[in-house]
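What follows is one structure encoded as structure tokens, with my remarks underneath.
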Amino acid sequence: MLNKKIVFSGVQPSGNLHIGNYLGAIAQWVEMQAKYNCIFCVVDYHAITIKQDPEVLKKKIIEVAKIYLASGIDPKKSIIFQQSDISAHTELTWILNCVARISDLNRMTQFKEKASINLDSLEAELNAMKNSEWMKSLVKQLSPIIRDRYEKEEDLIRKVYDRCISSIYNELEEYKNNQENVNVGLFDYPVLMAADILLYNTDAVPVGEDQAQHVELCRTLGRRFNSQFGEVFKIPEVVIRKEGARIMGLDDPAKKMSKSAESEYNFIGLTDKPEAAAKKIRKAVTDSGKEIKYDEKTKPAISNLLTIYSLLVGKSVKQLESKYKGKGYGDFKKDLAEMVKKFLTDFQARYKKISDKEVEKILENGAKKVKPIADETLERVKEKIGIN
Ligand code: TRP
């Protein structure tokens, strides 16, 4: 038990978990239980970086823990706990806030996506200006003393342009970060995630691809702390499951499956009615041609469905391709629809058997187990920075 490596991961109790979350992350955790000491967290403090209804949040916390259990996370083997039960998470976050730089966090693409207005079209507009007559006439008005320093007029135009544009950009950046729904917590979210991970001497962090950058930041902060104050933190590795890391939308295989997608035909929720879910599969978009073959470039939709099928039944894509040789999309989708229906029926039966009381007990026990580990790390950190 002691010499097994430590795995840490978490899911936010917000929105509806879908089959992509399950296949891309949680299913992988279930397998890891055999080899590692696993800690799985319900990260409620992360969830409140987006506005939540308190009553709903309360239910979602229990729901996520039940989803862990119904997926096969075994509380006898692994620890399941609720983030806010352990105050060391927020305390360490504060300390790490003083190690993290604004520039580190400004790089986080998830924050940019969540918080920002889309600047692409604006960028195109600004680029068009570079070639405009107006820009040229502006430059002509500059004193010859300046103009003569540039061999080519274009260079001067570029310079003037860059200056104007960067100041416009800075202003926009500010505007972007001041939007009403963007709170400081959303910006700081990756630091809290780093604290989660570093508190437990974590060796490996299995996450979906979209979280890789956050784990990388965690490594940076851990290393930076260690070099500034002395070794405390173990530097973890990110683990991304290659296949299934990105389950795409059923209505648009160019975009990741998302619980906040416009159309409900985009995703299959873990709590969807099995028959409704089967229908979503039957209605999923397909590619041109008719062969069941994995090719992300020319057949993104069928490739996505093959991935889902393969992960659900534990057969390789190759095996499935040969099983469906000579058959059409219709047959393939009909079978997959049945598989999804069966998976959800079984999953939900397990889910329903677990009572809220049971979950509360499991979370309470989990907190008891992790508290000494977290407190010890925090004590060492406090010692190093001179506040103990
Ligand atoms: N940010 C992760 C997500 O949204 C959840 C998370 C929070 C997490 N803390 C973590 C994942 C620590 C792994 C390790 O998916």
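Sequential numbering of the sequence shown, starting at 1440, is according to our numbering.
Using N, Cα and C, we set each Cβ at its ideal position, and we do this for glycine too.
Extent of the continuous beta strand (DSSP E) to which residue i belongs
i	result
ASN1476	1476 to 1481
THR1643	A quick correction: the sequence has Ala, not Thr, at residue 1643. Looking at the DSSP string, the run of the beta strand (DSSP E) that includes ALA1643 is 1643 to 1645.
GLU1676	1676 to 1678
Residue i, DSSP secondary structure in three states
i	result
LYS1450	Note on residue identity: the sequence assigns Val, not Lys, to residue 1450. In the structure shown, VAL1450 sits in a strand (DSSP, three-state: E or B).
ASP1594	helix
GLU1494	helix
LYS1695	strand
VAL1621	coil
ILE1607	helix
VAL1752	helix
VAL1654	helix
GLY1728	coil
LEU1638	coil
ILE1824	helix
VAL1599	helix
GLU1502	helix
LYS1810	helix
GLU1670	coil
GLY1765	coil
LYS1569	coil
LYS1757	helix
GLU1407	For the chain, the structure presents residues 1440 to 1827; residue 1407 sits outside this window and is missing.
ALA1633	helix
GLU1703	helix
Beta-carbon proximity of residue i to residue j, cut-off 9 angstroms
i	j	result
ALA1716	ALA1788	no
ILE1506	TYR1475	no
LEU1456	VAL1503	yes
ILE1541	CYS1480	no
ALA1634	THR1529	yes
LYS1762	ALA1723	no
ALA1473	LYS1516	yes
LEU1544	TYR1790	no
GLN1467	ILE1500	no
ALA1527	ALA1813	yes
THR1816	LEU1535	no
GLN1451	ARG1546	no
PHE1786	SER1510	yes
VAL1654	LYS1823	no
ASP1726	ASN1705	no
PRO1645	VAL1678	yes
ILE1596	VAL1621	no
ARG1663	PRO1675	no
GLU1648	ARG1685	yes
LYS1738	GLY1728	yes
ALA1554	LEU1656	no
LYS1766	ILE1793	no
Interface flag, residue i vs chain B, CB-CB below 9 angstroms
i	result
TYR1733	Protein chains in the displayed structure number just one, and chain B is not present.
Strand pairing of residue i, partner residues [DSSP]
i	result
GLY1511	Per DSSP, none; premise fails for GLY1511.
ASP1734	LYS1738
MET1687	LYS1695
ILE1445	ASN1476
GLY1708	HIS1457
Any non-hydrogen atom of the ligand MN within 8 angstroms of residue i CB
i	result
HIS1653	In the structure on display, the ligand MN does not appear, and the ligands it does have are the ligand TRP.
Terminal residues of the alpha helix (DSSP H) in which residue i lies
i	result
VAL1469	1466 to 1471
VAL1578	1572 to 1579
GLU1714	1713 to 1722
ILE1487	No alpha helix (DSSP H) contains ILE1487, which DSSP labels as neither H nor E.
ARG1588	Taken as a continuous stretch (DSSP letters only), ARG1588 belongs to no alpha helix (DSSP H), as it is neither H nor E.
Length-filtered (3 minimum) beta strand (DSSP E) runs lying within the stretch 1514 to 1567: 1518 to 1521
Any beta strand (DSSP E) of 3 or more consecutive residues that is wholly inside the stretch 1773 to 1808: none
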